[in-house]
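Just below is one structure, and these are the notes that go with it.
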Amino acid sequence: MGKINRTSKKRYIVHVCLGTGCISGGSLNIYKSLKQQVDSLKIKNVLINFTGCHGFCQRGPIVDIEPGGIFYSEVKEEDVTDIVQQHLKKGKFVDRLFYRHPSTGETIPCSRDIPFYSRQQRIILRNCGHINPENIGDYLAVGGYESLKKVLTEMTPEQVISEISSSGLRGRGGAGFLTGLKWDLCHRSPGNEKYIICNADEGDPGAFMDRSILEADPHSVLEGMLIGAYAIGANQGYIYCRAEYPLALERLRIALRQMEEHGFLGNDILGSGFNFHIKIKEGAGAFVCGEETALIASIEGKRGMPRTRPPFPAISGLWGKPTIINNVKTLASVPVIIAKGSNWYSGIGTEKSKGTVVFALTGKIANSGLVEVPMGIELRELIYEIGGGISGGRKFKAAQTGGPSGGCLPASMLNLPIDYESLADAGSIMGSGGMIVMDEDTCVVDIARYFLIFTQAESCGKCVPCRVGTRQMLIILERITKGDGVPGDVELLERLANTVKLGSLCGLGQTAPNPVLTTIRYFRSEYEEHINNKRCPALVCKELISFYILPEKCKGCRICFKNCPVGAISGGKKLIHVINHERCIKCGTCFDVCPKRFSAVVKVSGKQIKVPEKPIPISK
Amino acid sequence: MFITKLVEIFNEYKGEKGAVIPILQKVQDKLGYLSQEVISEIAKFSRMSETEVFGVASFYAQFRFTRCGDHVIRVCLGTACHVSGGERILDEVTRELGVSPGETTEDYKFSLERVACLGCCALAPVMVVDKTVYTKMKLPKVRGVLQTYGENK
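Keeping their order, the protein sequence lines are chains A and B. Residue numbers 5 to 624, in the working numbering, belong to the letters of the first sequence in order. Residue numbers 5 to 157, in the working numbering, belong to the letters of the second sequence in order.
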């Protein structure tokens, strides 16, 4: 964890996390209030700084104080006074804001000792949460742009490519193609007009790795991009970033301006004679544009539809010129590989999957957040040691990797080492790094339907099997979740899924059936339960569940009665409440609001419970 | 007049190839949505047919062709929000406003949209009104949130 030399004269450096997650939790006000209080008390030698995503989003907003890496979590605006008065003025820690281990109850003051962090290996995220993303000085102080200098002054493009090739770095966007090989192909392509594109069109629902990196450490990505451009011989680069990421875009623009001021961008960079310019293109919201050829079409101002390959973009890409497209995480890895050498990098990970992988760990997990682990780590370690297990003490059911293109891995696969090959063997994909954890309250048929809604809507429509096939699969999944499934539906889904996979041009269609296929593979009985017994075992599918108020438990408190949004509950003071099933929309509000000590509302599927027809007085 | 605003935007992109998407984005940003007249002006400037411009615009989820409400409500249906009940939140907003996702209330007060991931998954389920993020949403909180933006209907 790099300490920043430039500011080390200060007694304390306070880092407030201003990533999207912490901002949503109110960290902007914490930052302002800290600044204001330190200013008005005229406390000297304190720097109030901010960083991008710290990773531990579950415990946000996060305030981290150097020296010592003191980690305050779940900070509220009211806590600022204590931080200022105790810590910054008197040097006394505010113990109540320390992280508390959920099972042992022990308090842990430093981030590096918290299991969530201590078991990670942060290479791509090396600077995230430690430097101010809007200040190039912070990046320079941790050795930023040293790799660029080394490349421009000491290395030929061929040497750069050979270094990246021998590191074994593979594309972190999903497919996992060897980066060095791709660069080499483009480098050898004839022509002196070439392009490099940074793919930041992260479209997986539930994935925020690329966005967090751009928000926390844009210069690492940009430095990687410059090194790539030098290696392949490109003078123009594009960053294709989702328009829905306003903060990432803003920080990128600031970073580009600062690079120009420091001579890292423009003509004759660092006196080397190498020219490079970068333009930002805002993606207009189409998932398929994550695919290389679709992304190129979109930059050219067309509908973002993929085309057949070959020719590969490395030969004929943007405007028909040789083009390299690399994911944000791939590019962010490049400067470290140059700095520390390919031997170091290839020593991390497994035989075929080198280095580390970043996951956005979310869903029913105790520690949601951004994590980075070496390739080959077991799923169990990621979920239980780093992720802290399942939230609310529930049981693990499945983990979904690769978003709508990936698959669900069941509990029997918890020992699976996470790398490109083993995930593919299990029917899933590495993807870009989304990992959604599901507990026993998640219905896998509903999840398959959910992903299909997404891919069906995002299919560009070029290939019939994808356009029509995903639609038909969705219709079947919808009828199964509504209780109208018929025997043979599962087999039909499998047949359709294989046709869509075979008959689609791009990654979207080739992988869209994965969530369906893996849930059938590992949870077939759950599909059969929906079809044959009209029962949703996880109690999720609306049409298959009912809510009842148990007469022996109802205390007539009227809370559910008052909260029901459609007035489907009848009752009164000291009367047993009754749900009108014709009016009930199964929103579950009554179930949520019924006080835990009563637990009178139950959710059932495939059975009926005998209750009074009308409200009757509670028997004493 | 919208024409002067358009000309300003066009001037920025003179001679740049493949600029139609950034132009559409800037125009929508300035005017709120893309009307038929606007599409036709963009077509003339870009030397494309109106159908081509509309074809590009309608491909991307970002572009709107009707006026949107004073407040835009986005309910997140990313995977993390989905498994934590995001769909129930969307149902509740739909019920309260009487419009479906993609629609605007008759009084142009609210537009309702569904989005796939806002990136604060640890705080799921999430909804956003304009730029304010409402986290860990529960059904009974929906009405209160909407009321802070003025009575609906």
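Ideal Cβ positions, reconstructed from N, Cα and C, are used throughout, including at glycine. The model shown is predicted, which means the values in this text are computed figures rather than measured ones.
ask   = Along chain C, which residues have their Cβ under 9 Å away from the Cβ of Q66(B)?
value = Although the question refers to chain C, the structure presented lacks it and instead comprises the protein chains A and B.
key: Proximity to I328(A) [Cα-Cα], best of I580(A), R192(A), L144(A)   = Counted from its first residue, the first sequence places residue 328(A) at position 324. Out of I580(A), R192(A), L144(A), R192(A) has the C-alpha closest to the C-alpha of I328(A).
task = Note down, one range per segment and in chain order, each beta strand (DSSP E) of at least 3 residues found wholly within the region 240-287 of chain A.
result = Those beta strand (DSSP E) runs which fall completely within the region 240-287 of chain A and span 3+ residues are 240-246, 281-287.
message = Would you call the region 452-464 of chain A in contact with the region 307-316 of chain A, where contact means no fewer than 3 C-beta pairs closer than 8 Å?
response = Yes, the region 452-464 of chain A is in contact with the region 307-316 of chain A.
inquiry  = Is there a C-beta anywhere in chain A that falls below 7 Å from the one on C124(B)?
reply    = Position 120 of the second sequence, counted from the first residue, corresponds to residue 124(B). So yes, C124(B) belongs to the interface.
ask   = Just to confirm, are T523(A) and A452(A) a CB contact at a threshold of 7 Å?
value = The sequence position of residue 523(A) within the first sequence is 519, counting from 1. The sequence position of residue 452(A) within the first sequence is 448, counting from 1. A contact, by the Cβ cut-off of 7 Å.
ask   = Does the separation of the CB atoms of A126(B) and C510(A) fall below 7 Å?
value = Translated into the one-based positions of the second sequence, residue 126(B) becomes position 122. Translated into the one-based positions of the first sequence, residue 510(A) becomes position 506. In terms of Cβ geometry, A126(B) and C510(A) do not form a close pair [threshold 7 Å].
request  = Run down chain B in chain order and give the residues with a C-beta less than 7 Å from the C-beta of E304(A).
outcome  = Stepping through the first sequence from its first residue, residue 304(A) is reached at position 300. By Cβ distance, chain B contributes G22.
key: Cβ-Cβ separation, E167(A) to S346(A) (assumed contact under 8 Å), whole Å   = On the first sequence, position 342 is the one that residue 346(A) refers to. On the first sequence, position 163 is the one that residue 167(A) refers to. In this structure S346(A) touches E167(A) by the C-beta definition: roughly 5 Å separates them, less than 8 Å.
ask   = Along the chain, which unbroken stretches of the alpha helix (DSSP H) at least 4 residues long are found entirely within the region 114-185 of chain A?
value = For the region 114-185 of chain A, whole alpha helix (DSSP H) runs of length 4 or above, ordered along the chain, are 119-122, 140-145, 150-158, 161-171.
request  = Over the uninterrupted beta strand (DSSP E) stretch that includes E70(A), give me the two end residues.
outcome  = The residue given as residue 70(A) occupies position 66 in the first sequence. 67-70 is the extent of the beta strand (DSSP E) around E70(A).
ask   = Is there a Cβ from chain A that is less than 7 Å from the Cβ of C72(B)?
value = Position 68 of the second sequence, counted from the first residue, corresponds to residue 72(B). Not flagged as an interface residue toward chain A: C72(B), since no C-beta distance is shorter than 7 Å.
message = Just to make sure I have the definition right: I need the residues of chain B whose C-beta is within less than 7 Å of the C-beta of V67(A). Which are they?
response = Your numbering for residue 67(A) matches position 63 in the first sequence. Near V67(A) there are no residues of chain B at all, since even the closest Cβ is about 16 Å away, more than 7 Å.
ask   = Beta-carbon separation of Y64(B) and G353(A) under 7 Å?
value = Residue mapping note: residue 64(B) aligns to position 60 of the second sequence, counting from 1. Residue mapping note: residue 353(A) aligns to position 349 of the first sequence, counting from 1. Against a cut-off of 7 Å, the Cβ pair of G353(A) and Y64(B) comes out as no contact.
key: Assumed close pair Y244(A), I165(A) - CB separation to whole angstroms, cut-off 8 Å   = As a first step, residue 244(A) is located in the first sequence; it is residue number 240 there, counting from the start. As a first step, residue 165(A) is located in the first sequence; it is residue number 161 there, counting from the start. Contact doesn't hold; Cβ gap of about 23 Å is too wide.
request  = With 7 Å as the limit, tell me which residues of the region 41-54 of chain B have their beta carbon closer than that to any beta carbon of chain A; keep them in chain order.
outcome  = Listed by position, the residues of the region 41-54 of chain B near chain A (Cβ gap below 7 Å) amount to none.
request  = Compare the Cα-Cα distances from C132(A) to each of M477(A), S216(A), F280(A) and report the closest residue.
outcome  = Working through the first sequence from its first residue, we reach residue 132(A) at position 128. Residue S216(A) holds the alpha-carbon nearest to the alpha-carbon of C132(A) among M477(A), S216(A), F280(A).
task = Have a look at S107(A) and G397(A) and give me their C-alpha separation to the nearest angstrom.
result = Numbered from its first residue, the first sequence carries residue 107(A) at position 103. Numbered from its first residue, the first sequence carries residue 397(A) at position 393. Distance from the CA atom of S107(A) to the CA atom of G397(A), rounded to whole angstroms, is 11 Å.
message = Can you give me the C-alpha to C-alpha distance between Q32(B) and M52(B), rounded to a whole angstrom?
response = As a first step, residue 32(B) is located in the second sequence; it is residue number 28 there, counting from the start. As a first step, residue 52(B) is located in the second sequence; it is residue number 48 there, counting from the start. Approximately 18 Å, taken between the alpha carbons.
Residues bridged to L365(A) (per DSSP) = The sequence position of residue 365(A) within the first sequence is 361, counting from 1. DSSP lists G373(A), M439(A) as partners of L365(A).
request  = Kindly identify the DSSP beta-bridge partner or partners of N53(A).
outcome  = Numbered from its first residue, the first sequence carries residue 53(A) at position 49. H19(A).
request  = Under 8 Å Cβ to Cβ from V468(A), same chain only, skipping five residues before and after it: list those, please.
outcome  = Within the first sequence, numbered from 1, the residue matching residue 468(A) stands at position 464. The answer, listed in chain order, is G507.
Members of the region 272-286 of chain A near chain B, C-beta cut-off 9 Å = Flagged, chain order: K285, E286.
query = Quick one: complete beta strand (DSSP E) runs, 3+ long, within the region 62-93 of chain B?
reply = DSSP runs (the beta strand (DSSP E)) wholly in the region 62-93 of chain B: 75-80.
Proximal chain B residues relative to I2(A), where beta-carbon distance stays under 8 Å = Because residue 2(A) is not part of the residues shown, which for chain A are 5 to 624, the question remains open.
query = Shortest alpha-carbon distance to K611(A) belongs to which of I622(A), I573(A), Y552(A)?
reply = What you label residue 611(A) is simply residue 607 of the first sequence in a count that begins at 1. Answer by Cα proximity: Y552(A).
request  = Along the beta strand (DSSP E) that carries C412(A), what are the first and last residues, could you check?
outcome  = Within the first sequence, numbered from 1, the residue matching residue 412(A) stands at position 408. That run of the beta strand (DSSP E) goes 411-414.
ask   = Near R174(A), which residues of its chain fall below 6 Å by C-beta distance, leaving aside the five closest residues on each side in sequence?
value = Numbered from its first residue, the first sequence carries residue 174(A) at position 170. Excluding sequence positions up to five before and after R174(A), its CB lies within less than 6 Å of the CB of G180, L182, all in the same chain and listed in chain order.
task = Starting from Y76(A), follow its DSSP beta bridges and name the residues at the other end.
result = As a working note, residue 76(A) is residue 72 in the first sequence. According to DSSP, Y76(A) bridges with V67(A).
request  = Take R71(B) and list the residues in its own chain whose beta-carbon comes closer than 6 Å to its own, dropping the five residues that flank it on each side.
outcome  = Position 67 of the second sequence, counting from 1, holds the residue named residue 71(B). So the list reads Y37, once near-sequence residues are dropped.
key: Cβ-based neighbour list, G367(A), same chain, cut-off 7 Å, excluding 5 preceding and 5 following   = One-based indexing of the first sequence puts residue 367(A) at position 363. Apart from sequence neighbours up to five positions away, the residues of its chain that approach G367(A) with a beta-carbon distance below 7 Å are I440, V441, M442, ordered along the chain.
query = To the nearest angstrom, how far is it from the Cα of T297(A) to the Cα of I480(A)?
reply = Within the first sequence, residue 297(A) is the residue found at index 293, counting from 1. Within the first sequence, residue 480(A) is the residue found at index 476, counting from 1. For T297(A) and I480(A), the distance between alpha carbons rounds to 31 Å.
request  = Kindly say whether P105(B), judged by its beta-carbon, lies nearer than 7 Å to any beta-carbon of chain A.
outcome  = As a position in the second sequence, residue 105(B) is number 101, starting the count at 1. Interface with chain A (7 Å Cβ-Cβ cutoff): P105(B) is excluded.
request  = Please report how far the alpha carbon of V137(B) lies from the alpha carbon of W323(A), in whole angstroms.
outcome  = Here residue 137(B) is taken as the residue at index 133 of the second sequence, counted from 1. Here residue 323(A) is taken as the residue at index 319 of the first sequence, counted from 1. In this model, V137(B) and W323(A) are separated by some 40 Å (Cα to Cα).
9 Å Cβ cut-off: residues of chain A touching Q29(B) = For this step, residue 29(B) is matched to residue 25 along the second sequence. Under the 9 Å cutoff, chain A gives A247, E286, A288.
inquiry  = I'd like to know whether the C-beta atoms of G380(A) and G178(A) end up nearer to each other than 7 Å.
reply    = Residue numbering aside, residue 380(A) sits at position 376 when the first sequence is read from its first letter. Residue numbering aside, residue 178(A) sits at position 174 when the first sequence is read from its first letter. No, these two residues do not count as a Cβ contact at 7 Å.
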